[in-house]
Structures are given as structure tokens and as C-alpha cells.
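Numbering (the numbering used here), first residue to last: 17 to 357. A short worksheet on the structure shown next.
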């Protein structure tokens, strides 16, 4: 009995035949080129899915086949955070002669996986840096694996298999921030969380609860609000918090943008910061030191974490442990003060 031949790889011609279009049209769709009718694009992507078409990862690993491109996939409304990540990746890329290609992934779009597939095929990036919440999206991780794309994650909820992870102990950092507010005499401390299901936000919420429990303070559900990391969401959350009874004497937001939004709401309502209400944030973005009063916050080395993630992608044989934990720093500024009640 002769040896059976391995199954033939699916080609662009196969996709074209299934979709009833030319191979050139398939190429244009897969390369995400403009001026392709949406209906035709959908036909091609549907055919590619049905046939299980994937680019050949082995071809990309041939000698000289490097693209010298790293991609940053993000879905984050906080421009300061995205900029800090891009800065860190760019610094690493510049030192090694690589280029950075940022890409916003809109997971609300029904065809986002198809568009991401087109991006990966077009860019041929040597590696991808993932930030929350994308680093915990099983569909995205599966797509990267199917494409043979090496990736590194910043602060994922779980440790992915055989991929580098850069993280901060968000729970401990939030605990330290709330301890700071408690040392100032605050007992009615409100918290503005980030999006539900976002790992870093959940960890910061847990740290907030840990600190209250440690101090023997009761958790008041009316003092917990949710935002989406945007300044406006912090403003809207704080508007509700300052109308509660009892009113909080301190507000801790899960990022600086929401904290600055909270400051706007508090001052617009006629309260003094920190005289009436102390406010604290998280990240230590440029905004934190630009507002008045300057914002007390947690400094996390986002750019350094992103730089290390990029370095690991450019050096996949690095023997360093897959998980690297970075230090945080409590930055005390004028937005927090003693409780005078």
C-alpha cells in the first residue's frame, strides 16, 4: 500500500472558484484594499472561512522572510494608554530596525475577525502586542494561533500558553491607593470601575475592596460606579456619586481619564478638591500632572512593559521567564488631602 499524500493546501484560486470571482478580486479582498463592494467582500471572506483558507505560516519563517514589522492590536478608549504602549513598542523597534503598525480592532463590528484576518495577511507582521481586553479574547487568540502569529500580552487575565506576558499587580496597587486615602482619614470612599469583564479593572476593584475590608470599613454599593475608561464616563459616574447619601469624601477612579472627569463633575457642583472631596486615579498619564489640582495616582510603567513585550517578540529565543512582573509607584499630589468631616 502506498503512502497517502497530505491534503493539498487551499489556495487563492480555490477561494476564487468557491466565491465565483477572480483570483485578483480575492487578493484585493484579502489584502484589505479599498473599492471592493461590501457584498463581494463578504462572498470572498465567507468562501475563505468555509474552505479553511489560511496563509502559510511556514513560508513566513523562511530565511529572509521577516517583515521587520510589529503590530499593536488595541481596543481601548483611553488615548493616553494607547500612546504610552505605542511609544514603548516604537522605542524597541527603532533600536532593532523594525517598524510599528498600530491597528484598532472594533469588536462590535460583525466582520471584525474577517478584517483582522485581512490585516494579519496583509501586514505579515513578525509579532503582535496585545493589550486588554483583546489579550483575553479567545476568538482573537485562536486566529493568531491559526495564522502562526507570535504575540505578547500586557496584563491578561490568564497566562497564555508559551507566550510572553508583561503585567503589574493591579490588585496590590489599588490596595495601596485606598490605604493612602484611609490614612488621610477617609471612610466613605467611592470607586469608579472600568468596563465589566476588563481584567485590570476587576483587579483594581478587588484591591479597593481588600483595603476597605482590611480597615474594617463597610462596602456601600451606592459608592461603586462603572465607567468605560473615558473622561466622560468618569464625569457621569461622579455626578451620580456626589448625589448619594452619604456623599463620599474621596473618589478613586480606575484610570486617570475617569478621575479627571470626576474632578470636572465635582468642581462643577461647587465642591473643593481636596477640601470637600479627594480624588485619585491610576496610570500617571501626562494628564495627571497637567490638571489642577495635580492628580494623585498610581504610576504603572506602561511604556516599559510595552517595550519589553516588543523585545521579546523580536527575540523569540530569549530564555527569560515568560511572565515579567513590573513595579508600581504611588504618586501623591494635591488632589488628595485629609478628611475634614
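Cβ coordinates follow ideal geometry from the N, Cα and C atoms, glycine included. None of these values were measured; they are calculated from a predicted model.
Local Cβ density within 10 Å of residue i, reported as buried at 16 or more and exposed below that
i: residue 295; result: buried
i: residue 284; result: exposed
i: residue 178; result: exposed
i: residue 232; result: exposed
i: residue 29; result: exposed
i: residue 359; result: No statement about residue 359 is possible, as the shown extent of the chain runs from 17 to 357 and does not include it.
i: residue 84; result: exposed
i: residue 351; result: buried
i: residue 229; result: exposed
i: residue 306; result: exposed
i: residue 89; result: buried
i: residue 217; result: buried
i: residue 133; result: buried
i: residue 243; result: buried
i: residue 252; result: buried
i: residue 268; result: buried
i: residue 87; result: buried
i: residue 272; result: buried
i: residue 68; result: exposed
i: residue 111; result: exposed
i: residue 341; result: exposed
i: residue 297; result: buried
i: residue 254; result: buried
i: residue 337; result: exposed
i: residue 316; result: buried
i: residue 332; result: exposed
i: residue 237; result: exposed
i: residue 212; result: exposed
i: residue 113; result: exposed
i: residue 74; result: Because the pLDDT of residue 74 is 45, which lies under 50, any placement of that residue in the model is unreliable, and the number read from its coordinates should be weighed accordingly. Answer is exposed; the Cβ neighbour count stays below 16.
i: residue 147; result: buried
Three-state secondary structure assigned by DSSP to residue i
i: residue 199; result: helix
i: residue 125; result: coil
i: residue 221; result: helix
i: residue 303; result: helix
i: residue 346; result: strand
i: residue 118; result: strand
i: residue 327; result: helix
i: residue 358; result: Any property of residue 358 remains undetermined from this structure, which presents the chain solely from 17 to 357.
i: residue 41; result: helix
i: residue 215; result: helix
i: residue 352; result: coil
i: residue 322; result: helix
i: residue 334; result: coil
i: residue 79; result: Its pLDDT being 39, under 50, residue 79 is placed unreliably in this model, and the value from its coordinates should be taken loosely. Residue state, collapsed to three classes: coil.
i: residue 226; result: helix
i: residue 357; result: coil
Boundaries (first-last residue) of the alpha helix (DSSP H) holding residue i
i: residue 28; result: 28-35
i: residue 315; result: Run containing residue 315: none in the alpha helix (DSSP H); it sits in the beta strand (DSSP E), 313-315.
i: residue 98; result: 95-112
i: residue 65; result: 54-67
Limits of the beta strand (DSSP E) - the one that residue i falls within
i: residue 240; result: 240-242
i: residue 87; result: 85-90
Cutoff 7 Å: residue i Cβ touching any chain C Cβ
i: residue 92; result: Considering every chain present, this structure includes no chain C. It has just one protein chain.
Length-filtered (3 minimum) beta strand (DSSP E) runs lying within the stretch 228-300: 240-242, 266-269, 294-296
Length at least 4, wholly inside the stretch 130-209: the alpha helix (DSSP H) runs in chain order: 154-162, 186-199
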